Amino acid sequence: MSIVAPETTLPRRPLVGSPRRLAWMAFLLICLIVGGAAAYQVFTKGLVVTNLTDTVPWGLWITIDLSAIALGAGAFTLSAVVYVFRLSRFRSMVRLALLIGIIGYTSAMLTLLADIGRPDRFWHPWVYWNVHSVLWEITWAISLYLSVMLVEFAPVLAELSLFDRWPIVRRLAHLIHKATPALALVGMLISLIHQSSLGATYGILKARPIWFKPNMPILFILSAIAAGPAMTMTAAIILEWVTRRRTVPLDVLRTIARFSGLGLLGYAYVKLWDLAVVAYYGRTPGSESAFYFLNQLTPYGFGFWFGEVILGIVLPVLLFLAPGLNRSRSNLALGGVLAALGVAINRWNVTVSGLVVPLSYSPGTMYQPPAGVYWPSLAEWGIAVGVLGYALLVFTLGARVLPLFPRRSRDPLQPER
Amino acid sequence: MAGANKRVELELTRRDLLKVAGAAAGSAAVAYTVTSGPLSPFAELRRRQQSGTDTPHEEARPIHWGMAIDLEKCIGCNYCTWACSAVNDVFPDKTWNIVVPERTPSGAGFFFSRPCLHCQEAPCVEVCPVQATWVREDGLVMMDYDRCIGCRYCEVACPYDARKFNWEEHTAENEFIPTWGIAEVERRPRGVVEKCTFCVQRIDRGLELGLTPGVDREATPACVNICPVGARTFGNLNDPASPVSRVIEDHPNLRLREDLGTEPSVYYIPPKEGL
Numbered sequence: 520m521s522i523v524a525p526e527t528t529l530p531r532r533p534l535v536g537s538p539r540r541l542a543w544m545a546f547l548l549i550c551l552i553v554g555g556a557a558a559y560q561v562f563t564k565g566l567v568v569t570n571l572t573d574t575v576p577w578g579l580w581i582t583i584d585l586s587a588i589a590l591g592a593g594a595f596t597l598s599a600v601v602y603v604f605r606l607s608r609f610r611s612m613v614r615l616a617l618l619i620g621i622i623g624y625t626s627a628m629l630t631l632l633a634d635i636g637r638p639d640r641f642w643h644p645w646v647y648w649n650v651h652s653v654l655w656e657i658t659w660a661i662s663l664y665l666s667v668m669l670v671e672f673a674p675v676l677a678e679l680s681l682f683d684r685w686p687i688v689r690r691l692a693h694l695i696h697k698a699t700p701a702l703a704l705v706g707m708l709i710s711l712i713h714q715s716s717l718g719a720t721y722g723i724l725k726a727r728p729i730w731f732k733p734n735m736p737i738l739f740i741l742s743a744i745a746a747g748p749a750m751t752m753t754a755a756i757i758l759e760w761v762t763r764r765r766t767v768p769l770d771v772l773r774t775i776a777r778f779s780g781l782g783l784l785g786y787a788y789v790k791l792w793d794l795a796v797v798a799y800y801g802r803t804p805g806s807e808s809a810f811y812f813l814n815q816l817t818p819y820g821f822g823f824w825f826g827e828v829i830l831g832i833v834l835p836v837l838l839f840l841a842p843g844l845n846r847s848r849s850n851l852a853l854g855g856v857l858a859a860l861g862v863a864i865n866r867w868n869v870t871v872s873g874l875v876v877p878l879s880y881s882p883g884t885m886y887q888p889p890a891g892v893y894w895p896s897l898a899e900w901g902i903a904v905g906v907l908g909y910a911l912l913v914f915t916l917g918a919r920v921l922p923l924f925p926r927r928s929r930d931p932l933q934p935e936r
Numbered sequence: 003m004a005g006a007n008k009r010v011e012l013e014l015t016r017r018d019l020l021k022v023a024g025a026a027a028g029s030a031a032v033a034y035t036v037t038s039g040p041l042s043p044f045a046e047l048r049r050r051q052q053s054g055t056d057t058p059h060e061e062a063r064p065i066h067w068g069m070a071i072d073l074e075k076c077i078g079c080n081y082c083t084w085a086c087s088a089v090n091d092v093f094p095d096k097t098w099n100i101v102v103p104e105r106t107p108s109g110a111g112f113f114f115s116r117p118c119l120h121c122q123e124a125p126c127v128e129v130c131p132v133q134a135t136w137v138r139e140d141g142l143v144m145m146d147y148d149r150c151i152g153c154r155y156c157e158v159a160c161p162y163d164a165r166k167f168n169w170e171e172h173t174a175e176n177e178f179i180p181t182w183g184i185a186e187v188e189r190r191p192r193g194v195v196e197k198c199t200f201c202v203q204r205i206d207r208g209l210e211l212g213l214t215p216g217v218d219r220e221a222t223p224a225c226v227n228i229c230p231v232g233a234r235t236f237g238n239l240n241d242p243a244s245p246v247s248r249v250i251e252d253h254p255n256l257r258l259r260e261d262l263g264t265e266p267s268v269y270y271i272p273p274k275e276g277l
């Protein structure tokens, strides 16, 4: 299978066909309709349709942004692995990783558009700069990085038969393809910065004792580097199940899983010391009362230990690293889903827990601002369903239409399984 | 082959020497810029230490608007909140000013009230991605409602819960108008964050008319004017003769969460039982 064939187009395939596919498309359509209805509510009535308050102004949507961007981290990790560190065995994964990255970042942007009070001013951070603001830096970084991903992905789009008549497109794509190592390097740098800045968004806020710590950005970037590639790996396996075609050799999937497993161990290591310093030894008045409050009034401990540690770290680490377990594709996929879930639970826990703890600023002993209570409203869930529908739709179409797995491998060492 | 005592010849060409020297000079330059140059993160700290003042911007600034709130005098009547809400067209679900019952550590009751503290090192200003909020030369923390994108990061960052978001369009009549005053500013649109302004409209217009904010009522924040017991004083903190400076001079005082280093412009005079 190592014959080098000229760049050719893929055969045209009908977009809809079997009843199974029809049902799937109908499901996606329903998701999009639900999302559209929720978006209509949000844009006409304002954010009053959410359960967000001045005490808990960030909630489900911010959790989705943070998770989608973290889970899109496979794009920069695998691009860097292939094009910067020259490990070409993973080349077959890069296009899929990029697609997932693009889906993650655009999903986050769509959600943000609903979340900001003035969606008509979404462009303000590009024009009115506050270079001190981590959120300004993040806005710039995610826009720049999305552009980098789109440029990196352009050659894949250029392979569509649509462009058969336009050789210029193919030539341009070839030029871009040659620049991929540079793009991958730039993408890696931007990602390393903004993936951690997302944690810094919380870590720099001195008013919130359980957020204010230098580990915040480190925990965010480690979890993203660990869970992002696992997400891509899982997507590859799911695609294999759906299309009933083996596209990526098991040893490539396993190596990615091992990398993610080690990444999760690194994440767990920092988390352990963070827990020891902040919660166990630290016990500053602020964090002590915050944790007491959280454990009394919310399932914080359960969410942390069960959701983040057992589901999100221990189980995936076992599935990814134990030699007896990581030989089966379903175990790897399960581990990937759990790791992704763990990241989402972590982002929720960080955001909502930090906000529901009442601030303490009065010089007296009695008054505390009201404690936050938050559970997403129907409209918030609706937007979430809509964004999920969008993400799955783009994934489905991408997998259906685009040459995600180049069938003629340029790497003769890559065995077919 | 594995010659244990094979001699290693070290040959240094002029080019190598130049390279090493260049690298050393380069690193030194970088190290200097990072640690002590004007771009260094410590530059501001050093400048402050050398100028001998704790608060930044404090040198060579003629005006710094500030407020003193006497917790011993406050009777908890809420007039300040109501007058504020009328003059600034604020709705009762998100008042800019709050008055709440409080207790000292020894158990004595008092009333605590809080406007925006107009921090000189304001966390909200630092985090705003579009510079819709900033510290003005005279110490006021300003808000540009036309620039705010409504991300609410400032609300999350404020240690004092002073910021409020417009979750919906307010179309109803304001129940505080006209009993407690007449609206002097435009109602804010849906989707932006707002907060106490120290009645900046009165300060700016008053100065134009040659009045002294804190002394002349037309140029003084509504909450200060309405207070029946004179618990609130306003004025220029950098003018030792201003009413606010005299109150602060004459009483023990504190600022909220000094430990956070936010440098608020509001000083509190504790109740006589102490805090």
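For the record, the sequence lines run as chains B and C. Position in the first sequence counted from 1, then plus 519, gives you the working numbering. Position in the second sequence counted from 1, then plus 2, gives you the working numbering. Glycine included, every Cβ here is placed at the ideal spot set by N, Cα and C. If you're wondering where the values come from, they're calculated on a predicted model, not measured in any experiment.
Residue i classed as buried or exposed, judged by whether at least 16 other C-beta atoms fall within 10 angstroms
i	result
C:Ser115	buried
B:Thr625	buried
B:His713	buried
B:Leu932	Low local confidence applies: a pLDDT of 43 at B:Leu932 is under 50, so the model's placement there is unreliable, and no value is given.
B:Asp930	No answer about B:Asp930 holds up, because its pLDDT of 44 lies below 50 and its placement is not dependable.
C:Gly28	exposed
B:Gly782	buried
B:Tyr810	Residue identity differs from the one stated: residue 810 of chain B is Phe in this sequence, not Tyr. By the 10 Å Cβ count, B:Phe810 comes out buried.
Residue i, enclosing beta strand (DSSP E) - first and last residue
i	result
C:Arg105	Ile100 to Arg105
C:Asn238	Arg234 to Asn238
C:Met144	Val143 to Met145
C:Trp67	Trp67 to Asp72
C:Val268	Val268 to Ile271
B:Gly593	No beta strand (DSSP E) holds B:Gly593; the alpha helix (DSSP H) holding it covers Gly593 to Ser598.
Option nearest residue i by Cα separation, candidates the options
i	options	result
B:Leu585	B:Lys725, B:Gln815 and B:Gly620	B:Gly620
B:Gly623	B:Val871, B:Phe914 and B:Val771	B:Phe914
C:Arg204	C:Leu142, C:His253 and C:Ser247	C:Leu142
C:Asp91	C:Val187, C:Ala25, C:Lys197 and C:Ser267	C:Val187
B:Thr751	B:Arg539, B:Val920, B:Pro538 and B:Leu590	B:Leu590
B:Ser872	B:Leu681, B:Gln815, B:Ala746 and B:Pro733	B:Gln815
C:Leu73	C:Cys118, C:Val132 and C:Pro254	C:Pro254
C:Val89	C:Ile271, C:Glu220 and C:Ala233	C:Glu220
B:Leu741	B:Ile832, B:Leu704 and B:Leu724	B:Ile832
C:Asp1	C:Arg207, C:Val194 and C:Asn168	With chain C represented from 3 up to 277, any question about residue 1 of chain C goes unanswered, as that position is not in the structure.
C:Gly237	C:Ile151, C:Thr15, C:Ser108 and C:Leu213	C:Leu213
B:Ala701	B:Ile687, B:Val603 and B:Ala660	B:Val603
C:Arg257	C:Ser108, C:Ala23, C:Gln122 and C:Ile65	C:Gln122
C:Met69	C:Trp136, C:Pro125 and C:Val217	C:Val217
B:Ile588	B:Ala616, B:Tyr788, B:Arg610 and B:Phe810	B:Ala616
C:Cys150	C:Arg190, C:Ile250, C:Ile179 and C:Glu170	C:Arg190
B:Gly565	C:Phe93, C:Ala25, C:Asn80 and C:His172	C:His172
B:Phe739	B:Val862, B:Leu851, B:Ala542 and B:Val567	B:Val862
Same chain, Cβ closer than 8 Å to residue i, neighbours up to 5 away in sequence not counted
i	result
C:Asp261	none
B:Ile635	Phe641
B:Pro576	Leu874
C:Val202	Leu142 and Met144
B:Asp639	none
Alpha helix (DSSP H) segment containing residue i, residue limits
i	result
C:Gly24	Arg16 to Thr37
C:Trp84	Tyr81 to Val89
C:Arg207	Val202 to Glu210
B:Thr915	Leu897 to Val920
C:Asn162	The residue you asked about is not Asn; residue 162 of chain C is Tyr in the sequence shown. C:Tyr162 -> no alpha helix (DSSP H), and no H or E assigned at all.
Close Cβ partners of residue i (< 7 Å) along its chain, the five nearest in sequence each way excluded
i	result
B:Pro477	The shown model of chain B, from 520 to 936, leaves out residue 477 of chain B, and the question about it has no answer.
C:Val129	Tyr155, Cys156 and Ala159
C:Ile100	Thr83, Ser115 and Arg116
B:Phe837	According to the sequence shown, residue 837 of chain B is Leu rather than Phe. Cβ within range, chain order: Leu844.
B:Ser1009	Because chain B is modelled from 520 through 936, residue 1009 of chain B falls outside the range shown and cannot be assessed.
C:Thr222	Arg204, Pro215, Gly216 and Phe236
Close Cβ partners of residue i (< 6 Å) along its chain, the five nearest in sequence each way excluded
i	result
B:Leu758	Ala918
C:Ser267	Gly68, His120 and Gly141
Checklist entry - When you check each C-beta in the region 195 to 216 of chain C against every C-beta of chain B, which residues fall closer than 9 Å? => result Only those residues of the region 195 to 216 of chain C whose C-beta falls short of 9 Å from the nearest C-beta of chain B are listed: Val195.
Checklist entry - What residues from the region 859 to 871 of chain B come within 7 Å of chain C, judged by C-beta to C-beta, listed N to C? => result none
Item to check | Contact set between the region 154 to 174 of chain C and chain B, restricted to residues whose Cβ is under 9 Å from the partner | outcome: Here the close residues are Arg154, Tyr155, Glu157, Val158, Ala159, Cys160, Pro161, Tyr162, Asp163, Arg165, Lys166, Phe167, Asn168, Trp169, Glu170 and Glu171.
Item to check | Where the region 573 to 590 of chain B meets chain C: residues whose CB sits under 7 Å from a CB there | outcome: Asp573, Pro576 and Trp577
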